[in-house]
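Visitor: Before we start, here is the structure in question, set down as structure tokens.
2 protein chains.
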Amino acid sequence: MKAQIIVIGDELLSGRISDANTAPLARWLESTGFHLSRVILTRDKEDELLPLLKSAWEDSDLVITTGGLGPTKDDITKQVFDLFINGPGGTLSESVEARELVTSHYQRINKVWSPTTNHYHMLPKNLGVFSNPKGLAPGLIWESSNKVLLATPGVPRELMAMIEGPMPEILARNFKLPRITDQNLIFKTHSIPEEIIFFELMPNLWNELEEVGKVSSLPQVMGVDIVVTFKGTKQDLIREEKKWEELLIKSPLAPHLWSVGPALIEEAVVKRAQEKGLTFGFAESCTGGLVGHRITNVMGSSSVFKGSLVTYANEAKENILKVSSDSLKEFGAVSEQVAQQMAKGAREALSVDLAVSLTGIAGPGGGSEEKPVGTICIGQASSKESRSKRYQMYGSRDHLKRRFSEIALFGLLKLIDTF
Amino acid sequence: MKAQIIVIGDELLSGRISDANTAPLARWLESTGFHLSRVILTRDKEDELLPLLKSAWEDSDLVITTGGLGPTKDDITKQVFDLFINGPGGTLSESVEARELVTSHYQRINKVWSPTTNHYHMLPKNLGVFSNPKGLAPGLIWESSNKVLLATPGVPRELMAMIEGPMPEILARNFKLPRITDQNLIFKTHSIPEEIIFFELMPNLWNELEEVGKVSSLPQVMGVDIVVTFKGTKQDLIREEKKWEELLIKSPLAPHLWSVGPALIEEAVVKRAQEKGLTFGFAESCTGGLVGHRITNVMGSSSVFKGSLVTYANEAKENILKVSSDSLKEFGAVSEQVAQQMAKGAREALSVDLAVSLTGIAGPGGGSEEKPVGTICIGQASSKESRSKRYQMYGSRDHLKRRFSEIALFGLLKLIDTF
Chain A
5 MKAQIIVIGD ELLSGRISDA NTAPLARWLE STGFHLSRVI LTRDKEDELL
55 PLLKSAWEDS DLVITTGGLG PTKDDITKQV FDLFINGPGG TLSESVEARE
105 LVTSHYQRIN KVWSPTTNHY HMLPKNLGVF SNPKGLAPGL IWESSNKVLL
155 ATPGVPRELM AMIEGPMPEI LARNFKLPRI TDQNLIFKTH SIPEEIIFFE
205 LMPNLWNELE EVGKVSSLPQ VMGVDIVVTF KGTKQDLIRE EKKWEELLIK
255 SPLAPHLWSV GPALIEEAVV KRAQEKGLTF GFAESCTGGL VGHRITNVMG
305 SSSVFKGSLV TYANEAKENI LKVSSDSLKE FGAVSEQVAQ QMAKGAREAL
355 SVDLAVSLTG IAGPGGGSEE KPVGTICIGQ ASSKESRSKR YQMYGSRDHL
405 KRRFSEIALF GLLKLIDTF
Chain B
5 MKAQIIVIGD ELLSGRISDA NTAPLARWLE STGFHLSRVI LTRDKEDELL
55 PLLKSAWEDS DLVITTGGLG PTKDDITKQV FDLFINGPGG TLSESVEARE
105 LVTSHYQRIN KVWSPTTNHY HMLPKNLGVF SNPKGLAPGL IWESSNKVLL
155 ATPGVPRELM AMIEGPMPEI LARNFKLPRI TDQNLIFKTH SIPEEIIFFE
205 LMPNLWNELE EVGKVSSLPQ VMGVDIVVTF KGTKQDLIRE EKKWEELLIK
255 SPLAPHLWSV GPALIEEAVV KRAQEKGLTF GFAESCTGGL VGHRITNVMG
305 SSSVFKGSLV TYANEAKENI LKVSSDSLKE FGAVSEQVAQ QMAKGAREAL
355 SVDLAVSLTG IAGPGGGSEE KPVGTICIGQ ASSKESRSKR YQMYGSRDHL
405 KRRFSEIALF GLLKLIDTF
């Protein structure tokens, strides 16, 4: 079963905003067994959209548009759907179903909708509506000759709510969805290059995994993701994950394996800390709070994360983290000595079991020959010891902040595992 | 002059990664005067890509592909270009130009390239190469019948470097680029609804702006962006910006206008604080460090930003920010009383002129009837006074963290303006 997505909006083709809808829609379609063959970004223009709609409909079983559903003049999806389904000269007429949906959408935000508010209740002939659980404009639907055409809103959170809400039911009603789809068995490792994994540590692993499916090895910043893609059900994936987790936990790969399944490093850190009953916190400088931000994106992190002390200025490092002014003068703020003191200071100030610190140069200015842009010192403090290490990374300011936070989080994961 | 972009990669259509290349490419194309009519995301498959390439070439003066330039089997761009340009049965042959480029690309990362490393030096007939300043695989170029076809890498930072580097020169060589293009005159306002701006405060503004170009009013989280699009040169835009800035600064809109031009709120905060010679810092809780992270994304923020104390646990609020345990017990961590004490505590601990605090509930858990998810209390402390205010927002955890940080930054901007 083939699907196409048409993303509508001038603002995407002028680069004013990035398309945030394709990736989640694509993931959802893949999980249902649909093959997404193409995505097209187009402008809010009738003569652009109409031929795209026609050719997408011809090639696919399911066509989803996003955007252009609002009440203003540039929202042309409804008119183009009318042209496509009914041909030129059609008129809109009131739909009881649409009127009920819109009334309830407005009630949700404690407002009263009336026919003077907008034209959400007026529909082209043969077109239906479906609920928008987080927005006001209903989705549009046309079901014809075993195919489905859906119009969804461009606002990402509204689309997400539709993917969780009414859309799975629409698919289930119209298509015989396969129970067997592409499944990805994922192993996430750290601190080990792929050639060591496959040539030294586990020389039979690749062949054994190939019996399950197609194997890929994807090097990431801090380690390698091994992905095995196979045809199966969700249950098959759960069974394979369990089987391989039990096997690998007893293998030489165990100390490097941090997730079986598609976890983020911040999720793994929170989970392991919860399992071991350890609290933690950070002392940040150049990352400005990014490490704490990432950890607090994880629901339930408050049970283990106590805080992050962002000391951008040296004075703050001295006052809050008790870094010695002599060390700052002698070694500089970006040094292993200061990183170590920052970690110790944060562990004390936050009363946590484990603290990790970061001090580095995210650039583009501030580098020197001895300490170029991309230099990062990571400190760690626990009841056992405190230590620090210097690394050199490359990239833009954004990129470096992200990489620095990655190193700190992987370091924390390893530290947790020593307890 | 019309352009199309073709984004190549299975990983985009399975939703494993988001397309990060279209937005910057689109912005760049718009700035050169090209009209980007369509963007297509397609899989790494010859029979998908070839017809797309043909139809894009027919409709456009410039076609840019991104992705599929690497050395592995799924990187099919070069073969498909060969089929498209030379038809079936073509062979690759060594290009001196390509060989030199690749050798220099490898030298940049202190590695030696040889013909056994990969086939980057082998090109289809009639195809040329251009430099990849931040990567290894050269770009591919075909210039024919006053049209240009470019293949660029899928890695965003490599593509960005090409946009800054060789690509403007390629366009200038092949096309008569217009000096006159679409220019956006942007006014960013806060704390005022659009109907008050246009109906009460400045009833003639819309009409006056319409003499410059097409006016749009775009409501954002904390205010309204007014955008006027007109045909002109970069110099025309600078002149209009200057003229309107001078006019509006004396208008009733002045207290609500925070930027003429496309600034981010964190950039405006840093700039104003620098102008006034004021230092600032934050006390964060539910945002986990996001506010500090945003500020430190701004280059040069270290001259005014001293730090952000993320006190996620109550104990940390007491120890580090000196919030009274009685207040925490009586009013709860999410309260105007605690927010105010957090701001005062941060101002002292960080020795800054101004401190802003945030304590709220980002959800999805942790809400109550009295304090539902989305409740946020913002505190402010300066030499003049300390105060706090409670707001109610809506959305997912991600969304709320972002909105909370937005309120805090706008509050800080207003606070700076009182000095």
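So the protein sequences, as listed, match chains A and B.
For reference, each letter of the first sequence is one residue, going 5 to 423 in this note's numbering.
For reference, each letter of the second sequence is one residue, going 5 to 423 in this note's numbering.
We treat Cβ as the ideally placed atom computed from N, Cα and C, and that holds for glycine.
Starting from the N-terminal side, write out each stretch of the alpha helix (DSSP H) that is 4 residues or longer and does not extend beyond the segment 12-83 of chain A.
Guide: Complete alpha helix (DSSP H) runs here, min 4: 14-17, 26-36 and 50-63.
Visitor: Pair every Cβ in the segment 113-125 of chain A with every Cβ in the segment 85-93 of chain A, then say whether three or more of these pairs are closer than 8 Å.
Guide: No, because fewer than three Cβ pairs between the segment 113-125 of chain A and the segment 85-93 of chain A fall closer than 8 Å, the two stretches do not touch.
Visitor: Only counting runs of 3 or more residues, tell me where the beta strand (DSSP E) segments fall wholly within the segment 231-292 of chain A, in order along the chain.
Guide: You should have 261-264 and 284-288.
Visitor: Mind checking if A/Gly265 is an interface residue toward chain B, Cβ cutoff 8 Å exclusive?
Guide: So no, A/Gly265 is outside the interface.
Visitor: At a Cβ threshold of 8 Å, is B/Ile324 touching chain A?
Guide: It does: the Cβ of B/Ile324 has a partner Cβ on chain A nearer than 8 Å.
Visitor: Can you pull out the residues from the segment 389-404 of chain A whose beta carbon lies closer than 8 Å to at least one beta carbon of chain D?
Guide: Within the model displayed, chain D is absent; protein chains A and B are what it includes.
Visitor: Taking the C-alpha atoms as reference points, what is the distance between A/Ala350 and A/Phe414?
Guide: So the alpha carbons of these two residues sit roughly 18 Å apart.
Visitor: What residues from chain B crowd round A/Gly430, counting only those whose CB sits closer than 9 Å?
Guide: Summary: the structure shown does not reach residue 430 of chain A, with chain A confined to residues 5 through 423, and so no result is reported for it.
Visitor: Counting only Cβ-Cβ distances shorter than 9 Å, please list the residues of the segment 269-303 of chain B near chain A, keeping chain order.
Guide: Those would be Thr283, Gly285, Phe286, Glu288, Ser289, Cys290, Thr291, Gly292, Gly293, Leu294, Val295, Gly296, His297, Arg298, Ile299, Thr300, Asn301 and Met303, in chain order.
Visitor: Select from B/Leu222, B/Asn150 and B/Leu416 the residue whose C-alpha is nearest the C-alpha of B/Lys280.
Guide: Considering only alpha carbons, the answer is B/Leu416.
Visitor: Given this structure, state the Cα-to-Cα distance separating A/Leu213 from B/Ile80, to the nearest angstrom.
Guide: Roughly 26 Å between the two C-alpha positions.
Visitor: Would you say A/Ser387 lies against chain B (beta-carbon separation less than 8 Å)?
Guide: It does not: the Cβ of A/Ser387 has no partner Cβ on chain B nearer than 8 Å.
Visitor: Are at least three pairs of beta-carbons, each pair with one atom in the segment 92-107 of chain A and one in the segment 55-63 of chain A, less than 8 Å apart?
Guide: They do not touch, by the three-pair rule.
Visitor: Determine which residues share a DSSP beta bridge with A/Thr379 and list them.
Guide: A/Gln396, per the DSSP bridge assignment.
Visitor: Under the rule that 16 or more other beta-carbon atoms within 10 Å means buried, what is A/Val274, buried or exposed?
Guide: Buried.
Visitor: Examine chain A for any beta-carbon lying closer than 8 Å to the beta-carbon of B/Phe38, and answer yes or no.
Guide: Chain A, which has no Cβ nearer than 8 Å to the Cβ of B/Phe38, makes this no.
Visitor: Does the segment 401-412 of chain B come close enough to the segment 357-367 of chain B that 3 or more CB-CB pairs lie under 8 Å?
Guide: In short, these stretches touch, since the Cβ pair count reaches three.
Visitor: Three or more beta-carbon pairs under 8 Å between the segment 65-76 of chain A and the segment 7-22 of chain A, yes or no?
Guide: Enough Cβ pairs lie closer than 8 Å, so yes.
Visitor: Can you check the segment 117-203 of chain A for any beta strand (DSSP E) of at least 3 residues that lies completely inside it and give the ranges in chain order?
Guide: For the segment 117-203 of chain A, whole beta strand (DSSP E) runs of length 3 or above, ordered along the chain, are 132-134, 143-148, 151-156 and 185-193.
Visitor: For the beta strand (DSSP E) containing A/Thr363, name the first residue and the last one.
Guide: Here the beta strand (DSSP E) through A/Thr363 covers Leu358 to Gly364.
Visitor: Using a beta-carbon distance below 8 Å, is B/Arg42 in contact with chain A?
Guide: True, the Cβ-Cβ gap to chain A drops below 8 Å.
Visitor: Report, in whole angstroms, the separation of the C-beta atoms of A/Val159 and A/Gly139, which I expect to be a contact under 8 Å.
Guide: Contact holds; Cβ gap of about 6 Å.
Visitor: Is A/Ser386 buried or exposed, if buried means 16 or more other CB atoms sit within 10 Å of its CB?
Guide: It counts as buried.
Visitor: Would DSSP call A/Phe408 helix, strand or coil?
Guide: A/Phe408 falls in the helix class under three-state DSSP.
Visitor: Less than 7 Å between C-beta atoms, sequence neighbours within five positions excluded: which residues of the same chain meet that for B/Val327?
Guide: If we look at B/Val327 and ignore the five residues flanking it on each side, its Cβ neighbours are Lys321, Val342, Gln345, Met346 and Gly349.
Visitor: Quick check on the DSSP output: what are the complete beta strand (DSSP E) runs of length 3 or more inside the segment 299-336 of chain B, in order along the chain?
Guide: Correct list: 309-315.
Visitor: Beta-carbon of A/Asp63 versus every beta-carbon of chain B: anything under 8 Å?
Guide: Not one chain B Cβ lies under 8 Å of A/Asp63.
Visitor: What are the partner residues of B/Leu222, as DSSP defines its beta bridges?
Guide: Looking at the DSSP assignment, B/Leu222 forms a beta bridge with B/Asp229.
Visitor: Could you compute how far the alpha carbon of A/Arg391 sits from the alpha carbon of B/Ala258?
Guide: Taking the straight line joining both Cα atoms gives about 53 Å.
Visitor: Check the C-beta distance from A/Leu163 over to A/Pro157 and give it rounded, since I have them as a contact under 8 Å.
Guide: About 6 Å separates the two Cβ atoms, so the contact holds.
Visitor: Does any residue of chain A have a CB that is nearer than 8 Å to the CB of B/Gly158?
Guide: Cβ-Cβ to chain A under 8 Å: no for B/Gly158.
Visitor: Closest by CA to B/Gly434, which one among B/Leu189, B/Cys381 and B/Glu271?
Guide: The question about residue 434 of chain B has no answer, for chain B in this structure spans 5 to 423.
Visitor: Quick one, which of A/Ile200, A/Asn208, A/Val219 and A/Gln83 has its alpha-carbon nearest A/Asp186's?
Guide: Residue A/Val219 is the option with its Cα nearest to A/Asp186.
Visitor: Can you find a C-beta in chain B that's less than 8 Å from the C-beta of A/Glu110?
Guide: At residue 110 of chain A the sequence reads Tyr, which differs from the Glu that was named. With 8 Å as the cut-off, A/Tyr110 does not count as an interface residue toward chain B.
Visitor: Find out if the Cβ-Cβ distance for the pair A/Leu73, B/Leu313 is shorter than 8 Å.
Guide: Cβ distance not < 8 Å, so A/Leu73 and B/Leu313 don't count as in contact.
Visitor: Between which two residues does the alpha helix (DSSP H) holding B/Ser108 run?
Guide: Unbroken alpha helix (DSSP H) run through B/Ser108: Val100 to Arg112.
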